[in-house]
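**Q**
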Amino acid sequence: MKKTVSAIGVAFLFLLSSQGGEAGRITGRVKGKWIEKYQVVVFIQGVPGKRAELHAERPVMHQKDKTFIPRLLPVAVGTTVEFKNSDSFKHNIFSPDGERYNLGTWVEEKGRSYTFKRPGIYRQLCNIHPDMLAYIVVLETPYFALTDNDGNFEIGSIPNGNYLLRVWGEKLTKEQLTRTFDVIVGEGAPVSIAIDLIQ
Numbered sequence: 119m120k121k122t123v124s125a126i127g128v129a130f131l132f133l134l135s136s137q138g139g140e141a142g143r144i145t146g147r148v149k150g151k152w153i154e155k156y157q158v159v160v161f162i163q164g165v166p167g168k169r170a171e172l173h174a175e176r177p178v179m180h181q182k183d184k185t186f187i188p189r190l191l192p193v194a195v196g197t198t199v200e201f202k203n204s205d206s207f208k209h210n211i212f213s214p215d216g217e218r219y220n221l222g223t224w225v226e227e228k229g230r231s232y233t234f235k236r237p238g239i240y241r242q243l244c245n246i247h248p249d250m251l252a253y254i255v256v257l258e259t260p261y262f263a264l265t266d267n268d269g270n271f272e273i274g275s276i277p278n279g280n281y282l283l284r285v286w287g288e289k290l291t292k293e294q295l296t297r298t299f300d301v302i303v304g305e306g307a308p309v310s311i312a313i314d315l316i317q
């Protein structure tokens, strides 16, 4: 299966601010005509660490009405994801990417779990319903966020410092996926950054 990537124009608006001497936060907005339907993962590149709030509960991906919910799920390396069938018929989950797993087939209210050990983009597929598709983005950093339906996001509990910000989304072009954006957290007054990526 090959993913079709469309050429788009998108603008990223970032607002950075500090929440004290030890940690700060990044808030912002991703603009694009597709943003209400296709969310984007925003993350800080190459910054390891732990954020307690990310490990309070295992993230869950449901299969409902022959649809993966959520369609896009970002997690840190080492995270265990629960997969649940919320339909009245059988589903399967497998991924041909990265660690290449097949969790088998199961019925309503039963599920499976999988611990992601390697970073990467993992397509989630069902061999019973070939139109089903979702993505799990496994990151080497705990500092990430998923945009809401308006393109807004917030990354909190970030140590002060200089960082590179990146984004991932299924509608982004190859050039957009490799772009990095310099950000400074915890340097006094909030910093506003506007980035236009027009194809």
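Quick note on the numbering used here: the sequence shown kicks off at 119 and runs consecutively.
Ideal Cβ positions, reconstructed from N, Cα and C, are used throughout, including at glycine.
1) In angstroms, rounded to a whole number, what distance separates the CA positions of residue 162 and residue 291?
2) So what does DSSP say about residue 226, is it helix, strand or coil?
3) Following the continuous alpha helix (DSSP H) through residue 296, name the residue where it begins and the one where it ends.
4) If you run the structure through DSSP and keep just helix, strand and coil, what is residue 253?
5) Are residue 258 and residue 235 close, meaning C-beta to C-beta below 8 Å?
6) Check whether the Cβ of residue 270 lies closer than 7 Å to any heavy atom of the ligand SAM, and answer yes or no.
7) Run through the DSSP bridge pairs and tell me what residue 281 is partnered with.
8) Looking at residue 254: is its Cβ nearer than 8 Å to the Cβ of residue 209?
9) Does the Cβ of residue 138 have 16 or more other Cβ atoms within 10 Å, making it buried, or fewer, making it exposed?
10) State whether the stretch 282-290 contacts the stretch 152-161, with contact taken as three or more CB pairs (one from each stretch) at a distance under 8 Å.
**A** In this structure, then:
1) 19 Å
2) coil
3) 292-296
4) strand
5) no
6) This structure lacks the ligand SAM, and indeed carries no ligand of any kind.
7) 301
8) no
9) Any reading at residue 138 needs caution, since the residue's pLDDT is 41, under 50, leaving its predicted position unreliable; the model's value is listed next. So residue 138 counts as exposed.
10) yes
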